Amino acid sequence: MVDGTNQIAGRLCSHVAKLLITGNRVSIVNSENIMLSGDRKAIIEEYRKYLEISSITNPKFGPFHPRRPDTMISKMVRGMLPKNKPSGKTALKRLRAYLGVPNELKSKKTTQFEDAKIKKPAPYYTSLGDLGRMVGWHE
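Numbering follows this note's numbering, with no gaps: position 132 of the sequence shown is 123.
As structure tokens, this is what we get:
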């Protein structure tokens, strides 16, 4: 079980993807507290442009873009797994991401990755929860 509090998203996802490929089950908790580094306004503007991408013929057919932090982090990890291979598909099935800590996982020990921890003060980062709220996620 991985605690996402004050962890940088890309580094956390790369560690989680490696664990999934080796056959481990991974649960990511506190996914709303995972951080993105960079300029806050630029991150929000870039994600809003990403959300505008849709089908020309009928937008109801997708693509569908996540606004919830737990689905955002799942999609980031999915991008780091092998595509079109059974190993990548089965690895993704072993991943679970949660908002907060669910009751059934409160007794388990959490881990954090040292190289994924934030190094600068918090204002240099944007959390996935803040990004989700800015683009339309309602808790």
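C-beta atoms are modelled at their ideal positions from N, C-alpha and C, and glycine is treated no differently. Owing to the predicted nature of the structure, the values given are computational and were not obtained by experimental measurement.
- Annotated three-state conformation of Tyr89 is coil, per DSSP.
- Burial state of Leu42 is exposed, judged by a 10 Å Cβ sphere holding fewer than 16 other Cβ atoms.
- Cβ-Cβ separation between Pro60 and Glu23: approximately 4 angstroms, consistent with a contact (criterion under 8 angstroms).
- Just so you know, the alpha carbons of Glu95 and Thr48 end up roughly 44 angstroms apart.
- According to DSSP, residue pairing for Leu27 in a beta bridge involves Thr117.
- Between Leu86 and Leu27, the gap from beta carbon to beta carbon reaches 8 angstroms or more.
- Taking the C-beta atoms as reference points, Ile19 is found no nearer than 8 angstroms to Ala0.
- Shown here for Gly127: same chain residues with a beta carbon closer than 7 angstroms to its own, the five before and five after excluded, namely Arg58 in chain order.
- Taking the Cα positions, Pro54 is about 17 angstroms away from Glu37.
- In this structure, the alpha-carbon of Pro114 lies about 37 angstroms from that of Thr81.
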